[in-house]
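*Asks:* To start, I am sharing the structure in question, which I have written as structure tokens.
Numbering (UniProt numbering), first residue to last: 1 to 1061.
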């Protein structure tokens, strides 16, 4: 209870009350003149310093019970009218006044003792004392201060009930009513109406909340990363939309905000609302202040200057504003009724530390009716209590406390209920903790972070409504969640026990538990049905060591983390455990019982205790099938940056996963190295790794192994990217896919010369090419080429090109002015260190070598890629023109004179015809002087059928091919080609072909009857947008095109343009 005047004027001497607490004693007196005897010895000290007026109300309420406390704010005398007596006013008014006090105390049985520390006194007497004044006379001039003797007079202070005309609105921000009581001698209005503006419900000792929250508002309305919340006693909800710089208000149970206030703030971290509707909000990040939006004027004013953001705001019942400054490691305060905007330190020293007088990143704050300050000391993982006027805090919860049963991790919010139970937002543990005198426990978000209705993800603040429901700002889920108070949790009816018994046998289905174990565990799934949603206690007994997992709605053995509510794997004693679970009457509650050791069987029983009976039903479930893939990341794997902001390079491997049925699957890794897993839908772009990303994980299993639980569909291509935690790390790994049927898992190897990215169907390339090799006319210097023919571009954009007339292969680094001879270059010949009209070249990354088509020597040569002096002939007696390699390392070689393509597995020298081989001709099973070849991921072969002026596709095992480009005779129409050479195919099956005689690059989409020119076509010249009898064609990983511009003795690069979808 606060007894408060209704006007304000600073006291002339500016004195502040001493740090005393005023109490009444149990002594009673029969006359008003003896009232002063019922005040303790502190009274005399106050009288000597401040006179009697500060004790007026103590004198008047002497008859209220011992132990209650009252405090009068701003109570110095300002009238010389010292003649009022008890006789002139009568005793009825005193009785009436005391009755009002008594009624107030009865409604506040736990009223606290209020400190007077730090409160400045001010008055401004302008209201009339007389009830029979003329109606128009509402104000009178200020009176001089009372004489010195009057101030020391301890009698004559009487309550006066005044008329509505002279009643005044209380100046306390926590009071919204008028005061009809005043001290006749001091002319001070006395307020009995001051109450907090927020809700502090009183709960029963067994209070519980529904652990499944309801989304009150989400990102659509709230914006992203909201962190503040306030609910007043009328259940109006206030929060801040950081994106739109707005204060949002929900009134009268509205679904959408009833009122939106635009405010000039940046990243406001906290708000507080008083009973008169004024909204105080943090504006410290850039503006260095706290602002107040005034409800009756719809304007904002500055009420506090700060030097950093306030992560917590609070106004106590004496109008003192508190701000917790996270970056400054302290809490400051300021009295809002003072004239000067000067703040003082309430807690902390301004430097981070763990000492009792220090804080480290304070966030949420709360001030109780004793003016004791509670601080969520985030960086110190604790809750600090600073008693009123004390600079040293007491750790009541968290690190350093005797109540450290449940450790905290960056607590960010704190609220007290009516019984001073503490509710803590344990931010980095993603949960809400309730702490009382005798216990501490998790009440919401107790089973890990997430986005499901029973989970939180970095919550920041909480608030009660008047019904005891808890509202929480769920920061990383961009929502506010409401958790209903369970009225039936206060029901202490007798407990009923329900028992279920069974035996795990070898006939039971098996699965892998949620902790990434590869072995099989027998399990039994049991559905439990209840008539009333509430908490129930579970006790398990068994001769074997068992584990229990509780699920909501459905249990998927191949995705055992899906719908998981809670688990218990910690034994109380030998082979038994217990836990409390919230069972719902409106949905399926599924308990899965399994073992701690794989392939163990045995009996078990479950005893469920609650107010009502529980019925059990065993479910018919299936065993999980595991599909395993093993590989290794090596220095030959491609590299990429995992994210746009992390430019470090990591080796990676792409794996295609195809499923036979639509359902949940678990994809987990097993490796001696720390692995990351990224799952993509349809395609993966290493240069935009966030595109098409479905799911990712790096530590879902122990020891740095990933675990993905996803719903996969039939006929959808899923690409798993396996990479590492540390850059440049290599090592073996296995991938285990768990489902109810077998899963296809195969490595994706980028076809040679194909792009690593997906090319958009409408992609365009810059028409002016860049010369990236040669270009210094015909010659044999290292900056020259002489009729280059074939080329291949490595992952690091090194260009390997066969320099035909120079009988060498030369490598050009990106943006280099000169090339490096890596094979041949020792004049024309057939020695092991010589080449003779080398026509094509590819890179064998597995063996770190080059494979060269040494045409005039009728051989295929393998040449070390680094510092190689000699080559090794691996295939002889072949009229090679073009070659490529598939993902298994098999070579495909074009034999131009036999009009065929042969496939050579590793180590094989004879080969098998896979295209043509039926003599020269133009039938679909024939070729006519084929030149270049490409193999896609499905082992389909694309061949430039040069003299038939077409490109043919031969699917794996096919006896004849199909025309995919040209085939309409020789010519330069869009339906024709003229002696095509180099050919490449992208992920969509689009064919890119070097149209030799037409000096152009053409694109033919899959199934098209005509192509389009994407580069060249303006004639055989040497301008940057022209080509002249060019042959070889290749993409780099980024989708840029490279052309061996043979007659211009150069290699041209045509950069791809960014495509807007």
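Cβ coordinates follow ideal geometry from the N, Cα and C atoms, glycine included.
No experiment lies behind these values; they were computed from the predicted model shown.
(1) Hey, residue 882 and residue 809 are a contact pair by Cβ (cut 8 angstroms); roughly how many whole angstroms apart?
(2) Do residue 1054 and residue 1044 have their C-beta atoms within less than 8 angstroms of each other?
(3) Going along the chain, which unbroken runs of the beta strand (DSSP E) with 3 or more residues stay wholly within the segment 1015 to 1040?
(4) Just how far apart, CA to CA, sit residue 725 and residue 698?
(5) Over what stretch of residues does the beta strand (DSSP E) that includes residue 564 continue unbroken?
(6) Helix, strand or coil: how does DSSP classify residue 965 here?
(7) Go ahead and pull the three-state DSSP assignment for residue 542.
(8) Around the C-beta of residue 519, are 16 or more other C-beta atoms found within 10 angstroms, so that it is buried, or is it exposed?
(9) Could you tell me the alpha carbon to alpha carbon distance between residue 330 and residue 654, rounded to whole angstroms?
(10) Between 625, 711, 752, which lies nearest to residue 742 when the distance is taken from Cα to Cα?
(11) What is the rounded straight-line gap between the Cα of residue 592 and the Cα of residue 580?
(12) If you measure between the beta carbons of residue 710 and residue 665, is that distance less than 8 angstroms?
(13) Starting from the C-beta of residue 258, find all residues in its chain whose C-beta is less than 8 angstroms away, skip the five residues before and the five after it, and write them out in chain order.
(14) Excluding the 5 residues flanking residue 876 on each side, which residues of the same chain have their C-beta closer than 6 angstroms to its C-beta?
(15) Under 8 angstroms between C-beta atoms, does residue 1052 make it to chain B?
(16) To which residues does DSSP link residue 1045 through a beta bridge?
(17) List the residues that DSSP assigns as beta-bridge partners of residue 883.
(18) Can you grab the Cα-Cα spacing for the pair residue 908 / residue 793, in whole Å?
(19) Kindly indicate which three-state DSSP category residue 661 falls into: helix, strand or coil?
(20) Would you check if the segment 616 to 634 and the segment 1012 to 1032 touch, i.e. whether three or more CB-CB distances between them fall below 8 angstroms?
(21) Quick one: Cα of residue 958 to Cα of residue 217, how far?
(22) For residue 237, count neighbouring C-beta atoms within 10 Å of its own C-beta (all shown protein chains included) and say buried if the count is 16 or more, exposed if not.
(23) Expressed to the nearest angstrom, what Euclidean distance is found between the alpha-carbon atoms of residue 728 and residue 298?
(24) Flag this pair as touching only if the segment 309 to 324 and the segment 359 to 377 have three or more C-beta atom pairs under 8 angstroms; answer yes or no.
(25) Whole angstroms is fine: what's the gap from residue 830's alpha carbon to residue 765's?
(26) Write down every uninterrupted run of the beta strand (DSSP E) in the segment 983 to 1007 whose length is 3 residues or greater and which is fully enclosed by it, in chain order.
(27) With DSSP collapsed to three states, give me the class of residue 1062.
(28) Going by beta carbon distance, what residues of the same chain come within less than 8 angstroms of residue 1009, once the five residues before and after it are set aside?
(29) Excluding five sequence neighbours on each side, which residues of the same chain lie with their C-beta closer than 8 angstroms to the C-beta of residue 446?
(30) By alpha-carbon positions, which one of 232, 947, 204, 865 ends up nearest to residue 419?
(31) For residue 1063 and residue 707, what's the separation of their Cα atoms in angstroms?
(32) Taking the beta strand (DSSP E) that residue 953 belongs to, which residues open and close that run?
(33) Would you tell me roughly how many angstroms separate the C-alpha atoms of residue 368 and residue 246, rounded to the nearest one?
(34) Under three-state DSSP, which class holds residue 378?
(35) Which residues does DSSP list as the beta-bridge partners of residue 693?
(36) Can you give me the C-alpha to C-alpha distance between residue 750 and residue 996, rounded to a whole angstrom?
*Replies:* According to the data block:
(1) In fact, because the Cβ distance is near 15 angstroms, the residues do not count as touching under 8 angstroms.
(2) no
(3) 1033 to 1035
(4) 8 angstroms
(5) 564 to 568
(6) strand
(7) strand
(8) exposed
(9) 51 angstroms
(10) 625
(11) 15 angstroms
(12) yes
(13) 249, 250, 251, 252
(14) 859
(15) Here chain B cannot be found, since the structure has a single protein chain.
(16) 1050
(17) 893
(18) 26 angstroms
(19) coil
(20) no
(21) 59 angstroms
(22) buried
(23) 59 angstroms
(24) yes
(25) 41 angstroms
(26) 991 to 995, 1000 to 1004
(27) No answer is possible for residue 1062: it lies beyond the span of the chain, which begins at 1 and ends at 1061.
(28) 975
(29) 211, 431, 566
(30) 204
(31) The requested residue 1063 does not occur in the structure, where the chain is confined to residues 1 to 1061.
(32) 950 to 954
(33) 29 angstroms
(34) helix
(35) 680
(36) 26 angstroms
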